[in-house]
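For reference, the structure discussed in these notes is given below.
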Amino acid sequence: MEQRLIRRATALTAGALALALSTSCGAEPAGDGEGAAAGGGFPVTVETVHGDVEIAEKPTDVVALGWSDAEAALALGVQPVGLSDWQAYGGKGVGPWAEDLLDAEPADLGTMEVSAEAVANLDPDVVLNTRSDGQESTLSTVREFVPVVDPPQGVEVSYGTTWRQQMTQVSLALGEVEKGEELIADLEARFAEVAAEHPEFEGRTVAVGAFYGDRLGAYVPGDSRVDFMEELGFESKPEINDLAGDEFYVDLGLEEVETLDADLTVVFPIGMEAAELADNELLNSIPSARDGRLVVLDDPDLVNAFSSGSTLGIAHALDEAPQVFSAALGD
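Under mature numbering (1 follows the signal peptide of the UniProt record, and there is no 0), the residues of the sequence shown are numbered -27 to -1, 1 to 304, in order.
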């Protein structure tokens, strides 16, 4: 479903792809475990869905191909030499909350069809692919000449690596475990702080969806947006969860729009203007919309931050989104 959705969104606009798509530690150091945990012991072994990946020395040239892997590396102080711009930012290929961390513009290697030759020309020490489709065949040629760090063991949902898992995988691979643990702890504390400020979120059901063309969809647990809401105290609508398979996105027809009805409904547009979505008669017919509990995210930066799944992007979203959600609930 992920592949179909990306292709459909790409047919709309390049920017739509970013918005269309897009649980804890899955990697532990092997061998010199204490040295790796201290932040610098190599070699390290990263456990992935495709088996163990050994990284002999601390990487200096890093290619980041997974969704928001580049931002994870930057948060750790590591400059990627190449990346995949999944959210179609353009420019430096990362969100505005991360641009200032880049010393130079990385090579944009594309998303769905990454050239192995282009990767090889950058002569990387490691390729980060932690939030991805999880298919070993996707980078089969690249795997022949460089270690590829895929999603951790236990991730069964396409693009379902959580921000904690991503930071754990990336920090281990780059020899920055201590820094990674600090970033995880800091963001957890921030989530706890915001949740405490908004007790009205606790136990309320939420549906997070996107509209694209004549289709719509709902995100399910395993998607970073749903994880964001659950960390704030919301509960993903059970009826949506029941539709989930091994994808993080349930594809729906417009006639199924009431599936998105919940205590709070959060949607954003793909390939259309937010104003057009806000005026959509079908969307406005569901009970949550009629009661004023519908949020149409219309700020592209907030949509991208909410969808990023990176520690940097999530922190940015936490500065703005909770107030918007609270206002819609009217509490």
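For glycine and all other residues, C-beta sits at the position ideal for the given N, C-alpha and C.
Residue i classed as buried or exposed, judged by whether at least 16 other C-beta atoms fall within 10 angstroms
i	result
Ala165	exposed
Thr114	exposed
Thr33	exposed
Asn94	exposed
Met202	buried
Ala169	exposed
Ser105	buried
Glu249	exposed
Asp58	buried
Gly190	buried
Val297	exposed
Gly176	exposed
Glu204	buried
Nearest-angstrom Cα separation, counted from residue j out to residue i
i	j	result
Leu112	Leu82	13 Å
Ala254	Asp200	According to the sequence shown, residue 254 is Glu rather than Ala. Straight-line Cα distance between these residues: approximately 29 Å.
Ser(-6)	Thr232	Confidence at Ser(-6) is low in this model, with a pLDDT of 36, below 50, so the placement of that residue should be treated as unreliable; the coordinate-derived value is given next. In a straight line, the C-alpha of Ser(-6) is about 20 Å away from that of Thr232.
Ala11	Gly226	Low confidence applies here, because Ala11 scores a pLDDT of 42, under 50, leaving its location unreliable; read the following figure in that light. Computed Cα separation, rounded: 50 Å.
Ala301	Glu117	51 Å
Val26	Gly182	35 Å
Arg188	Asp224	8 Å
Gln60	Asp272	14 Å
Pro2	Phe279	In this prediction, Pro2 has a pLDDT of 35, which is less than 50 and means its spatial position is unreliable; nothing more can be read from the coordinates.
Gly218	Trp70	33 Å
Gly282	Val128	15 Å
Glu228	Tyr132	27 Å
Leu56	Ala37	5 Å
Asp98	Ala89	14 Å
Ala235	Ala288	25 Å
Glu20	Ala43	20 Å
Val121	Val100	5 Å
Gly68	Gly286	7 Å
Gly14	Thr134	25 Å
Pro172	Gly206	8 Å
Glu212	Tyr222	13 Å
Asp96	Val119	9 Å
Thr141	Leu74	20 Å
Nearest candidate by alpha-carbon position, reference residue i, set the options
i	options	result
Thr18	Leu145, Ala46, Phe184 and Val128	Leu145
residue 305	Gly39, Asp264 and Ala235	Since the first residue shown for the chain is -27 and the last is 304, residue 305 is missing from the structure and cannot be characterised.
Ala48	Leu160, Asp106, Asn257 and Val99	Leu160
Val54	Ala80, Ser258 and Val193	Ala80
Gly265	Ser299, Glu30 and Gly244	Ser299
Ala158	Arg177, Arg137, Gln52 and Pro172	Arg137
Thr284	Gly176, Ser197, Gly148 and Val268	Ser197
Ser41	Ser258, Leu275, Val193 and Thr103	Thr103
Pro242	Asn277, Ser110, Ala77 and Ser258	Asn277
Gln108	Asp96, Ala180, Pro125 and Val92	Pro125
Ala45	Glu72, Ala294, Ala262 and Pro194	Glu72
Residue i, enclosing alpha helix (DSSP H) - first and last residue
i	result
Val297	Ala294 to Leu302
Gly286	Thr284 to Leu291
N-terminal and C-terminal residue of the beta strand (DSSP E) that residue i is part of
i	result
Ala37	Val35 to Ala37
Ala101	A quick correction: the sequence has Leu, not Ala, at residue 101. Here the beta strand (DSSP E) through Leu101 covers Val99 to Leu101.
Asp25	Gly24 to Ile28
Leu47	Careful: Leu47 lies outside any beta strand (DSSP E), inside the alpha helix (DSSP H) at Asp42 to Ala48.
Leu56	Pro53 to Leu56
Val17	Val17 to Thr21
8 Å Cβ cutoff, residue i in contact with chain D
i	result
Pro120	The question asks about chain D, but that chain is absent: this structure has only one protein chain.
(Q) As an exercise, report each continuous beta strand (DSSP E) stretch of at least 3 residues that is fully enclosed by the region 174 to 247, in chain order. (A) Fully enclosed beta strand (DSSP E) runs of 3 or longer: 178 to 185, 188 to 192, 222 to 226 and 237 to 243.
Q) Which runs of the alpha helix (DSSP H), 4 residues or longer, sit entirely within the region 118 to 150? A) Taken in chain order, the unbroken stretches of alpha helix (DSSP H) that lie wholly in the region 118 to 150 and span 4 residues or more are 136 to 146.
Q: Go through the region 68 to 97 residue by residue and report every complete run of the beta strand (DSSP E) that reaches 3 residues or more, in order.
A: The region 68 to 97 contains no whole beta strand (DSSP E) run of 3 or more residues.
Q: Would you list, in sequence order, the uninterrupted beta strand (DSSP E) runs of no fewer than 3 residues that lie entirely inside the region 251 to 280?
A: Entirely contained in the region 251 to 280, the beta strand (DSSP E) runs reaching 3 residues are, in chain order, 267 to 269.
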